[in-house]
Amino acid sequence: SQEPSTKDEL
Amino acid sequence: MNIFRLAGDMTHLASVLVLLLKIHTIKSCAGISLKTQELYALVFATRYLDLFTDYISLYNTLMKLIFLVSSFSIVWYIRHHKIVRRSYDKDQDTFRHYFLVLPCFLLALVINEKFTVKEIMWTFSLYLEAVAILPQLVLLQRTRNIDNLTGQYVFLLGAYRSLYILNWIYRYFTEPHYVHWITWISGLVQTLLYADFFYYYFQSWKNNVKLELPA
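From first to last, the protein sequence lines are chains A and B. Note that the working numbering has the first sequence beginning at 1, numbered continuously upward. Note that the working numbering has the second sequence beginning at 1, numbered continuously upward.
Following this line, the structure appears as structure tokens:
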């Protein structure tokens, strides 16, 4: 589940 | 992706490029803290463990590679380059940065969003990044004349996280359930550590005088 977590941040 | 985050990433990239420019062109790392650079290399190494496992976007992967390669090459330059290493002032860069690593790791073991290796390493990297600038700020107070590139480097490094705070505010209001206290608090602490530097940097810019931090 690609929940929009901060992990998509650098 | 929002404008604040993109601006933040570009500012962060600019800070790295300014530092690489300084070290690579004038072959000098005067005023730069090797300890802060080592801490940053550790931050990226522990934060980007998912580099090859979770693909998010080309941009994300590209930027992670740039930050990893640049931070490790800066450490290599200061430690091993025959000319650059001569300008490293190890007698002044004395902050015991290992004392920052352990507390951040212990804190990450206690306060995290999930007790998994990847999550703990990621949380550790957040806490470590918040304090990674301390050796550099201490060094700046010791080196009397701060050259422009070093001042710009520290300013951009502080500015990028401030832009990230705007990004988190924006995402909080635009994305449901977007709540990440750990990220927000460590990002806020990190930015607050730059507060007095920003003050003196702005003063030197406004009065058009050399940047100097009071001892």
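Glycine residues also receive a C-beta, built at the ideal position from the N, C-alpha and C atoms.
Neighbours of residue 56/B in chain A, taken as residues at a C-beta separation under 7 Å, are given in chain order as 8. Assignment of residue 82/B by DSSP, reduced to helix, strand and coil, places it in the coil class.
When the beta-carbon positions are compared, residue 74/B and residue 13/B stay at least 8 Å from each other. The shortest CA-to-CA distance from residue 161/B to any of 26/B, 185/B, 18/B is the one to 185/B.
Of the candidates 95/B, 28/B, 102/B, the residue whose Cα lies closest to the Cα of residue 81/B is 28/B. Look at residue 203/B here: in three-state DSSP terms it is helix. Between residue 133/B and residue 100/B, the C-beta spacing is not below 8 Å. DSSP places residue 98/B in the helix class (H, G or I) of the three-state scheme. Apart from the 5 residues on each side of it in sequence, residue 112/B sits with its Cβ closer than 6 Å to the Cβ of 119, 120, 123 in its chain, given in chain order. For residue 96/B, no Cβ of chain A is located within less than 8 Å of the residue's own Cβ. DSSP, reduced to helix, strand and coil, places residue 29/B outside both helices and strands of the structure shown, so it counts as coil. For residue 63/B, at least one C-beta of chain A is nearer than 8 Å to its own C-beta. Looking only at 170/B, 91/B, 126/B, 77/B, the smallest Cα-Cα distance to residue 107/B is reached by 126/B.
Going by DSSP, residue 117/B is part of the alpha helix (DSSP H) stretching over 117–131.
Shown here for residue 88/B: same chain residues with a beta carbon closer than 7 Å to its own, the five before and five after excluded, namely 29, 34, 78 in chain order. Going by DSSP, residue 185/B is part of the alpha helix (DSSP H) stretching over 181–193. Annotation: residue 205/B to residue 54/B spans about 42 Å, alpha carbon to alpha carbon.
Judged by their CB atoms, residue 40/B and residue 71/B are nearer to each other than the 8 Å cut-off. One thing to note: residue 131/B has its Cβ no nearer than 8 Å to the Cβ of residue 140/B.
Only those residues of the stretch 111–126 of chain B whose C-beta falls short of 8 Å from the nearest C-beta of chain A are listed: 122. Neighbours of residue 60/B across chain A, judged by C-beta separation under 9 Å: 8, 9, 10. In terms of CA proximity to residue 83/B, 22/B leads the group 22/B, 182/B, 105/B.
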